[in-house]
Structure formats: C-alpha cells, structure tokens
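This report concerns only the one structure given below.
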Amino acid sequence: MKIRYLNLAAALCGTLLSVPAALASLTLYEAVDIAIEQDTTRLQLDYQSQALRESAVAAGQWMDPKLKVGVGGLPVDSFSLNDDMMTSVSVGLMQTFSRGNTLALQESRGGIEADSMELAMELRALELSRTITELWIELYYLRQSHELLLSRQNLLERQHSEVTESYALGNKAEAEAVLAVEISQGRIEQQLLANKQLQQVQLARLTEWLGSDLASVDASRLPQWPMLQQMLQTPDRWPEQLLSHPSVRQLDKLIELRATDVDIANEAYKPEFGVEMMYGYRQAEDMGGRQASDLVSVSLTMDLPLFTNKRQDKRLNAAQLNMVAGKAQRDTWLRQLHAEITRLEQETTLTQQRIDTYQNQIIERSKARLATVESSYESGFATFADVIQASDELLTVEMELARVKADHHQRLNQQAFYLNRYF
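Just remember that the working numbering sits 173 ahead of the position in the sequence shown, which is counted from 1.
This is the structure in structure tokens:
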C-alpha cells in the first residue's frame with residue numbers, strides 16, 4: 174500500500190512540477206506585451222481604422238464631372254451636318270456641387286469613425302491586460318495550492334511510514350491510524366489531480382494569446398500594482414481618470430459623430446447646385462452663305478428644398494435625438510463605472526481585512542491546535558484520526574488564505590482596468 178501511494182505521488186509531483194520548471198522566464202508584464210503585440214483583433218481594428226480614413230477622404234470630394242457629347246437639330250431626311258444651320262455637334266461638361274458644407278462634414282465624420290476605431294484598439298489592449306492578468310492570478314493560486322497539497326502529501330507519507338512501522342511491531346491500536354492516513358492520502362491525490370486539470374485549463378486559455386511563448390510563463394508571483402496603488406490613494410482623481418477610459422472616450426466620439434450628423438442634416442436645407450457648359454459646333458452655312466457661328470451655352474441648376482416637413486425636418490429631428498441618446502448612454506456608463514469602482518474599493522478593503530485575519534489569527538490558531546492535538550496523541554489522550562483532522566483543518570485554512578489573496582488581486586485587477594492603471 175505504501176509503495177503504491179509513493180509511486181502515485183511521485184508521478185504527480187513529476188508531472189505537475191515539470192510545468193513550473195519548464196516555464197521559467199516570462200513575467201506577467203512581458204506576457205501582456207506579447208499578447209497585445211500578437212493580438213489579431215487589434216490588427217483587424219487597425220486595418221479598419223485605416224480603411225475608414227481612406228473612405229473619409231473619398232467622401233469629402235466632389236463628384237466626378239460628366240462629359241456630354243451629342244448632335245442636335247439633325248435632319249432625318251439626309252442625316253447631314255451641312256444642310257441645316259440649326260444642326261450642331263455639341264460637347265459639354267457638367268459638375269454637381271453638394272449642399273453647403275456637406276462634403277467637408279462627411280470627411281470629418283469619417284475621421285471621427287477612424288478615431289473611434291483607434292480607441293477600440295486601445296480598449297482591446299486594456300481588456301487583454303485584464304484577461305491575461307486574471308488568468309495569471311488564477312494560475313498563481315493553483316500553483317500555490319499545489320505546493321500546499323504536495324507539502325501535505327509529503328507529511329502524510331512520513332506519517333504513513335511511522336504508523337505502518339508501529340503497526341508492524343505489534344501495536345494493533347495503530348490500525349485505525351493507518352486507515353486514517355490512507356484515506357487522507359487518497360483525498361489529497363484527488364485534489365492534486367483536480368488542481369492539475371485546472372492548471373491545464375488556465376494554460377490552454379493563455380495559449381490563445383501567447384502561443385509558443387506559453388512555455389516561458391512563470392506565474393510564481395502575484396502582480397505588483399505601483400501605479401494603481403498611487404491612484405487608489407487619491408480618490409478625488411478617480412472621476413477625472415474615468416473620463417480618460419477608452420470606453421468613455423469612445424462614447425465621446427459617438428456623441429461627436431452624432432453631432433456631425435446633426436450638422437449634415439442642417440445642410441440638407443441648402444440647395445444642391447449643378448453647372449453645365451456646352452459648346453456646339455456647326456458646319457452648315459447661314460442665310461448669307463457664311464458658315465454658321467458656333468454656339469456656347471451655360472446653365473445653372475439647383476433644387477429647391479421647399480417641402481421639408483416630411484424629409485429634412487424628420488432627418489434633423491432623428492439626428493438630434495440620436496445625439497441626445499448618445500449623451501445619455503455616456504452618462505449611464507459613467508455612473509456604472511463610478512459604482513463599480515466604489516464597489517471594488519469596498520471589496521478590496523474587506524478582502525485585505527480577511528487576509529489579515531487569516532494571517533494573524535486563524536492560521537496561528539490552527540497551528541496551535543495541531544500542536545496541541547499532536548501532544549495529546551503522544552500522551553494517549555487523542556487518536557491519530559484527531560491529528561489527521563487537525564492537519565486537514567490547517568491545510569484548509571491555508572488554501573482558503575491563498576484563495577482570498579487571489580480574489581483580492583482579482584479585484585485589484587478590475588480596478589486597474591477601470592482606472593487604466595496597469596503596472
């Protein structure tokens with residue numbers, strides 16, 4: 174029985190500890206940089222931004238002029254250009270001019286859309302920082318739990334050896350102790366397997382962004398938050414800092430975009446102009462026997478936006494309502510950000526208090542209780558099962574402390590995201 178447990182424990186240790194051994198150099202900050210650099214979504218957004226800027230320039234240009242070529246006054250009996258002085262071959266150009274300042278506004282609108290896409294890239298980088306950090310913290314917790322479980326497993330191996338030897342020497346009272354140790358060993362092995370599975374899940378998720386660089390991940394330390402801690406000490410700066418968040422600035426661009434739509438809708442009340450110039454060449458002679466003079470014609474066309482109540486007025490109203498809706502959306506999001514930051518600040522304060530309680534009280538008392546139970550067992554006033562139970566309780570509170578620490582840093586991660594204060 175003992176050999177079987179030792180072999181299984183050795184296999185688990187070799188499998189799990191080989192991961193941290195292989196992953197030895199990549200820090201969290203480097204992992205975030207690699208994830209951002211290799212992110213194809215940001216590349217897509219970059220291309221879209223460039224495309225929008227190109228389209229904006231195109232949208233701000235005049236329409237191409239139109240060439241008009243024709244024959245006028247051609248007699249159908251002879252189809253001759255020389256018989257009738259009214260016959261002419263004409264060439265003309267037509268140019269249309271948009272309403273008011275519409276073209277410049279459309280070009281400006283495209284630039285605003287491109288700016289918004291660049292802010293989406295910035296937001297994506299911030300989201301990647303949050304995601305990678307979240308996975309890193311969870312991986313750190315799992316590896317810390319793994320170390321605690323291994324330490325507990327090693328202790329159980331020594332205890333199993335001691336009670337088995339005592340039982341072999343004829344101390345039949347140790348039979349219960351042998352069973353208690355083996356049951357606890359089985360539970361630890363199951364927890365190690367579950368821990369290994371969860372580590373593999375976290376590593377698989379990191380693969381999406383790190384690829385081959387995953388082999389260098391070193392999640393042996395929790396993140397440091399110097400920039401965030403500095404910001405958290407000045408809560409009066411939070412509202413201003415939230416205004417610089419990419420998601421808020423995106424909404425600012427949305428409002429600017431819709432304000433431009435209002436300006437474009439106002440331009441619709443102005444007429445659209447068209448200019449046409451024609452030159453007519455004549456070959457026939459006039460009544461005096463001379464070649465008829467060529468003809469030049471110039472015309473100006475314009476539409477008259479007189480009936481605006483069902484078209485221009487409605488479009489203007491819609492544009493204004495959309496702009497107001499954008500402002501309301503921004504205000505709502507800002508309130509949500511303020512509420513989220515306040516909630517996270519309260520939760521981080523509470524989790525820090527929990528960490529202090531675990532470190533200063535619960536852990537110390539659990540260790541003291543274990544020492545007392547071990548002393549009672551040696552004196553014959555407690556069973557070995559009591560020792561196992563006290564050891565399990567100490568392991569439980571140590572793992573609870575590791576979980577609370579991880580949760581604390583996950584909340585700091587959220588705060589860093591909202592306040593844009595990573596590393």
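Glycine included, each C-beta is placed from N, C-alpha and C at the ideal position. As the structure is a prediction and not an experimental result, all values here were calculated from the model.
Per DSSP, which residues does residue i bridge with? Please list them.
i, result
"S263", "G243 and G453"
"Q268", "V448"
"Q464", "E458"
"V390", "L199"
Leaving out five residues on either side along the sequence, give the residues of the same chain with a beta carbon under 8 Å from the beta carbon of residue i.
i, result
"R584", "L517, E520, T521 and T524"
"D434", "R282, A492, N495 and M496"
"Q502", "L424 and L427"
"P396", "L201, T306, W309, I310, H582, L585, N586 and F596"
"Y550", "T556, F557, D559 and V560"
"L376", "V192, L312, L387 and V390"
"H511", "W411, P412 and L415"
"R488", "A438 and A441"
"T214", "R297"
"S251", "none"
"D601", "Because the chain here runs from 174 to 596, residue 601 falls outside it and cannot be looked at."
"G384", "Q211"
"V570", "Y531, I535, I536 and S539"
Note down, in chain order, each residue of its chain lying with its Cβ closer than 7 Å to the Cβ of residue i, except the 5 sequence neighbours on either side.
i, result
"L401", "L585, Q588, A589, L592 and R594"
"M404", "R410, Q414, L592 and R594"
"Q221", "M290"
"D386", "L199 and I207"
"N368", "L315, S318, H319 and L322"
"M259", "G246"
"L218", "M290, A293, M294 and R297"
Would the C-beta of residue i count as close to the ligand PLP, meaning under 7 Å from any of its heavy atoms?
i, result
"A229", "This structure simply doesn't include the ligand PLP, nor any ligand for that matter."
At which residues does the alpha helix (DSSP H) containing residue i begin and terminate?
i, result
"L201", "L201 to Q211"
"L517", "Q485 to T530"
"Q375", "A348 to L383"
"A433", "In the sequence as presented, Ala is not what sits at residue 433; that position holds Thr. Its alpha helix (DSSP H) spans residues P419 to E440."
"V560", "F557 to L592"
"Y595", "Segment: none, Y595 is in no alpha helix (DSSP H) and carries neither H nor E."
"T545", "I536 to S552"
"M404", "P399 to L405"
"L416", "W411 to L416"
In chain order, what residues of the same chain have a beta carbon less than 6 Å from the beta carbon of residue i, not counting five sequence neighbours either side?
i, result
"G499", "L427, I428 and R431"
"R226", "A287"
"A197", "A caution first: A197 carries a pLDDT of 46, below 50, which makes its placement in the model too unreliable to give a value."
"R422", "L292"
"A563", "R542, L543 and V546"
"S548", "none"
"K443", "R272 and G273"
"A232", "Q279, E280 and G283"
"D459", "M258 and A465"
"L379", "L308 and L387"
"P248", "D256 and D257"
"V616", "Any property of residue 616 remains undetermined from this structure, which presents the chain solely from 174 to 596."
With residue i as the anchor, note down where its beta strand (DSSP E) starts and where it stops.
i, result
"M475", "L468 to M475"
Margin query: Can you confirm whether the segment 475-485 touches the segment 437-455 when touching is taken to mean that 3 or more C-beta pairs between the two stretches lie within less than 8 Å?
Written below: yes
Check: Does the segment 239-258 come within contact of the segment 291-301, defined as at least 3 CB pairs closer than 8 Å?
Finding: no
Next item on the list: Please determine if the segment 256-276 and the segment 346-355 are in contact, where contact requires at least 3 C-beta pairs separated by less than 8 Å.
Entry: no
Check: If you pair each beta-carbon of the segment 261-269 with each one of the segment 206-214, do three or more pairs fall below 8 Å?
Finding: no
Notebook entry, point to check: Of all the beta strand (DSSP E) runs that stay within the bounds of the segment 260-336, which reach a length of 3 or more residues?
Noted result: 261-270
Check: Pairing CB atoms from the segment 572-581 with CB atoms from the segment 525-538, are three or more of them under 8 Å?
Finding: yes
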